[in-house]
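Visitor: Sharing a structure here in structure tokens format.
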Amino acid sequence: MTAAFTPHAILVTGGAGFIGSNFINHFMGANPGCRVVNLDLLTYAGNLENLTGVESRPDYRFVRGDICDAPLVASLLTEERIEAVLHFAAESHVDRSITGPEIFVRTNVLGTQVLLEESRRHWQANKSADFRFLQVSTDEVYGSLGATGFFTEETPLAPNSPYSASKAGADLLVRAYHETYGMPTLNTRCSNNYGPYHFPEKLIPLMITNIINQKPLPVYGDGLNVRDWLHVKDHSRAIETVLKKGRGGSIYNVGGNNEWKNIDIVNLVCDLLDGRLGRQPGANRQLIAFVKDRPGHDKRYAIDAARIKRELGWEPGYTFEQGIAETIDWYLHNQEWVAKVTSGAYRDYYEKQYGR
Ligand code: NAD
Ligand code: TYD
Numbered sequence: 067m068t069a070a071f072t073p074h075a076i077l078v079t080g081g082a083g084f085i086g087s088n089f090i091n092h093f094m095g096a097n098p099g100c101r102v103v104n105l106d107l108l109t110y111a112g113n114l115e116n117l118t119g120v121e122s123r124p125d126y127r128f129v130r131g132d133i134c135d136a137p138l139v140a141s142l143l144t145e146e147r148i149e150a151v152l153h154f155a156a157e158s159h160v161d162r163s164i165t166g167p168e169i170f171v172r173t174n175v176l177g178t179q180v181l182l183e184e185s186r187r188h189w190q191a192n193k194s195a196d197f198r199f200l201q202v203s204t205d206e207v208y209g210s211l212g213a214t215g216f217f218t219e220e221t222p223l224a225p226n227s228p229y230s231a232s233k234a235g236a237d238l239l240v241r242a243y244h245e246t247y248g249m250p251t252l253n254t255r256c257s258n259n260y261g262p263y264h265f266p267e268k269l270i271p272l273m274i275t276n277i278i279n280q281k282p283l284p285v286y287g288d289g290l291n292v293r294d295w296l297h298v299k300d301h302s303r304a305i306e307t308v309l310k311k312g313r314g315g316s317i318y319n320v321g322g323n324n325e326w327k328n329i330d331i332v333n334l335v336c337d338l339l340d341g342r343l344g345r346q347p348g349a350n351r352q353l354i355a356f357v358k359d360r361p362g363h364d365k366r367y368a369i370d371a372a373r374i375k376r377e378l379g380w381e382p383g384y385t386f387e388q389g390i391a392e393t394i395d396w397y398l399h400n401q402e403w404v405a406k407v408t409s410g411a412y413r414d415y416y417e418k419q420y421g422r
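Shown next, in the form of structure tokens:
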């Protein structure tokens, strides 16, 4: 077994988003000697209030900027002596990709290529130092499953939405940089995440928020589509594990072995919130509204995460019962965060904190 990779400085892209901010909060707690530079454009999905626990630490730096800005990326890599790039930044919502795919190609494909190219130059100029490029991707690149079976790392790519197609394009560029230049790349593909700081446009936080506000709960189609849910803190540990112990050029699936039909999740969240909100049993289920299906709606995702367990020893720690209860309680206790995100008021935070 080779020694674990322990970088002194990492560049995290998209660190103000849902998973990126959970990752930074986790990583900086567990790795106090490592400098973390967070490059994020602060699109609608980026929220610096997710990072108040680390923002004043001297080993943390936030830079508002675009991953497509090659000179900016190059200067950060050099001036911060970056030893690993952890690439979370993306346009991440399938429904938005259906109504406006262009930005998905720009950010997810072009942005990844810019990061790869600047990382290649930086790595080749500092060949004596260890370096990793870790691409955070999704199981959606594999397309859709029928009633049985699981996605393995060998499952052919067959993306169905503009979002998943743009992520698959980025993953193939990552592969190409390993095959062509021998760059030490890593590629994780995980299932649907849930947990704190999740933007309330995605299924679980949208349902929690709408239930609290007694608004309709839109369930697409028949509600029988299946997703495999992973707690974001388990995902953060998986990324840290792959960064430190992963084999260059490898892909690792990350999943919670936790399949749910959408309607079952919605019913569960309704029932858990009945008690917490002091409503009659069954009251929240009355809010469910079946609506027109999403075009090209993938039927089922399910991850085989045997490789990361076997090779790197990672496995999820959360049970879904614990994770969903904690998540619901987090939203109940963080109504101010939800209100700011829903109203758009969170966007003032950058100006207040950074004065620009
Ligand atoms: P998110 O939408 O919550 O956050 C994305 C972040 O990227 C935001 O902070 C945004 O400001 C930033 N960003 C967008 N465009 C940028 C640009 N051009 N330059 C710099 N920053 C930019 O996304 P998320 O849910 O945290 O997902 C993070 C990564 O994980 C993505 O790559 C996504 O594809 C992948 N992923 C997410 C899930 C999930 O369930 N959320 C599942 C599998 C994989
Ligand atoms: P989502 O959270 O958008 O993640 P993804 O599309 O990347 O899996 O959606 C999760 C599942 O929930 C998906 O099958 C679509 C469905 N869904 C609804 O039924 N209603 C909603 O309002 C949303 C946002 C999603």
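Going by this note's numbering, the sequence shown opens with residue 67, and the numbers climb by one from there.
Backbone N, C-alpha and C fix where the C-beta goes; we use that ideal spot for every residue, glycine too.
What's the C-alpha gap between S257 and D205?
Guide: What you label residue 257 is simply residue 191 of the sequence shown in a count that begins at 1. What you label residue 205 is simply residue 139 of the sequence shown in a count that begins at 1. So the two alpha carbons sit approximately 5 Å from each other.
Visitor: What is the C-beta distance between T393 and G261, in whole angstroms, given that I count them as a contact (C-beta under 8 Å)?
Guide: For the purposes of this step, residue 393 is taken as the residue at position 327 of the sequence shown. For the purposes of this step, residue 261 is taken as the residue at position 195 of the sequence shown. That pair is a contact at about 6 Å.
Visitor: Can you tell which of D340, V180, G80, A136 has the C-alpha that lies nearest to the C-alpha of N350?
Guide: Position 284 of the sequence shown, counted from the start, is the residue given in the question as residue 350. It is D340 whose Cα lies nearest to the Cα of N350.
Visitor: Beta carbon of P167: closer than 8 Å to some heavy atom of ligand 2?
Guide: As a first step, residue 167 must be located in the sequence shown, where it is residue number 101. Outside the cutoff, so no.
Visitor: So the alpha helix (DSSP H) Y229 belongs to, where does it begin and stop?
Guide: If you number the sequence shown from 1, residue 229 lands on position 163. Where Y229 is concerned, the enclosing alpha helix (DSSP H) stretches over 228–247.
Visitor: Any chance the CB of N184 is under 8 Å from a heavy atom of ligand 1?
Guide: On the sequence shown, position 118 is the one that residue 184 refers to. One detail in the question is off: residue 184 reads as Glu in this sequence, not Asn. Not under cutoff, so the answer is no.
Visitor: For M67 and N253, what's the separation of their Cα atoms in angstroms?
Guide: Position 1 of the sequence shown, counted from the first residue, corresponds to residue 67. Position 187 of the sequence shown, counted from the first residue, corresponds to residue 253. Confidence in M67 is poor, its pLDDT being 48 and thus under 50, which makes the residue's placement unreliable; the coordinate value appears in the next sentence. Straight-line Cα distance between these residues: approximately 21 Å.
Visitor: Report the residue from N174, N104, G235 whose alpha carbon sits nearest the alpha carbon of L142.
Guide: Here residue 142 corresponds to residue number 76 of the sequence shown, with the count starting at 1. For the residues N174, N104, G235, the minimum Cα distance to L142 belongs to N104.
Visitor: So V320 and I374 are in contact, right, with Cβ under 8 Å, and what is the actual spacing, rounded?
Guide: Locating residue 320 in the sequence shown gives position 254, counting from the first residue. Locating residue 374 in the sequence shown gives position 308, counting from the first residue. Right, the Cβ-Cβ distance comes to about 6 Å (below 8 Å), so this counts as a contact.
Visitor: DSSP on K327, reduced to helix/strand/coil?
Guide: One-based indexing of the sequence shown puts residue 327 at position 261. Of the three classes helix, strand and coil, the one that applies to K327 here is strand, per DSSP.
Visitor: Applying the criterion that 16 or more other CB atoms from any shown protein chain within 10 Å of the CB defines a buried residue, is N88 buried or exposed?
Guide: As a position in the sequence shown, residue 88 is number 22, starting the count at 1. N88 is buried by the Cβ-count criterion.
Visitor: What did DSSP end up calling S194 once you bin it into helix, strand or coil?
Guide: For this step, residue 194 is matched to residue 128 along the sequence shown. Of the three classes helix, strand and coil, the one that applies to S194 here is coil, per DSSP.
Visitor: Taking only runs that begin and end inside the segment 75–143, name each unbroken alpha helix (DSSP H) of 4 or more residues, in chain order.
Guide: You should have 84–96.
Visitor: Residues bridged to Q201 by DSSP?
Guide: What you label residue 201 is simply residue 135 of the sequence shown in a count that begins at 1. Beta-bridge pairing links Q201 to H153, N253.
Visitor: Please report the Cβ distance between H244 and G315, rounded to the nearest whole angstrom; I am assuming they are in contact, meaning their Cβ atoms lie under 8 Å.
Guide: By 1-based counting over the sequence shown, the position of residue 244 is 178. By 1-based counting over the sequence shown, the position of residue 315 is 249. H244 to G315, Cβ: 4 Å. Contact.
Visitor: For Y384, name the three-state secondary structure that DSSP assigns.
Guide: One-based indexing of the sequence shown puts residue 384 at position 318. Looking at Y384 - three-state DSSP - the assignment turns out to be coil, as it is neither helix nor strand.
Visitor: Could you check if F84 is buried or exposed, using at least 16 other CB atoms within 10 Å of its CB as the buried criterion?
Guide: Reading the sequence shown from its first residue, position 18 is the one you call residue 84. Classification for F84: buried.
Visitor: How far does the alpha helix (DSSP H) with Y416 in it extend, from its first residue to its last?
Guide: The residue labelled residue 416 in the question sits at position 350 within the sequence shown. Residues 414–420.
Visitor: Within 9 Å (strictly less), CB to CB, does W403 reach chain C?
Guide: Absence of chain C from the displayed structure is noted, only one protein chain being present.
Visitor: Let me make sure I understand the geometry here. Which of D337, L334, M94, S203 has the alpha-carbon closest to that of S122?
Guide: Residue mapping note: residue 122 aligns to position 56 of the sequence shown, counting from 1. Measuring from the Cα of S122, the nearest candidate turns out to be M94.
Visitor: Can you check which of these residues, G119, N333, Q190, is closest to L269 by C-alpha distance?
Guide: Here residue 269 corresponds to residue number 203 of the sequence shown, with the count starting at 1. Among G119, N333, Q190, the Cα nearest to that of L269 belongs to N333.
Visitor: What is the DSSP secondary structure of M67, reduced to helix, strand or coil?
Guide: As a position in the sequence shown, residue 67 is number 1, starting the count at 1. Here M67 scores only 48 on pLDDT, less than 50, and its place in the model is too uncertain to base an answer on.
Visitor: Report the residue ranges of all alpha helix (DSSP H) runs contained in full by the segment 303–352; include only those spanning at least 4 residues, in chain order.
Guide: Segments of the alpha helix (DSSP H) lying fully in the segment 303–352: 328–342.
Visitor: At a cut-off of 8 Å, is A155 close to ligand 1 when judged by its beta-carbon and the heavy atoms of the ligand?
Guide: As a first step, residue 155 is located in the sequence shown; it is residue number 89 there, counting from the start. Yes.
Visitor: Excluding five sequence neighbours on each side, which residues of the same chain lie with their C-beta closer than 6 Å to the C-beta of G312?
Guide: For the purposes of this step, residue 312 is identified with residue 246 of the sequence shown, where counting begins at 1. Excluding sequence neighbours, G312 sits near L252.
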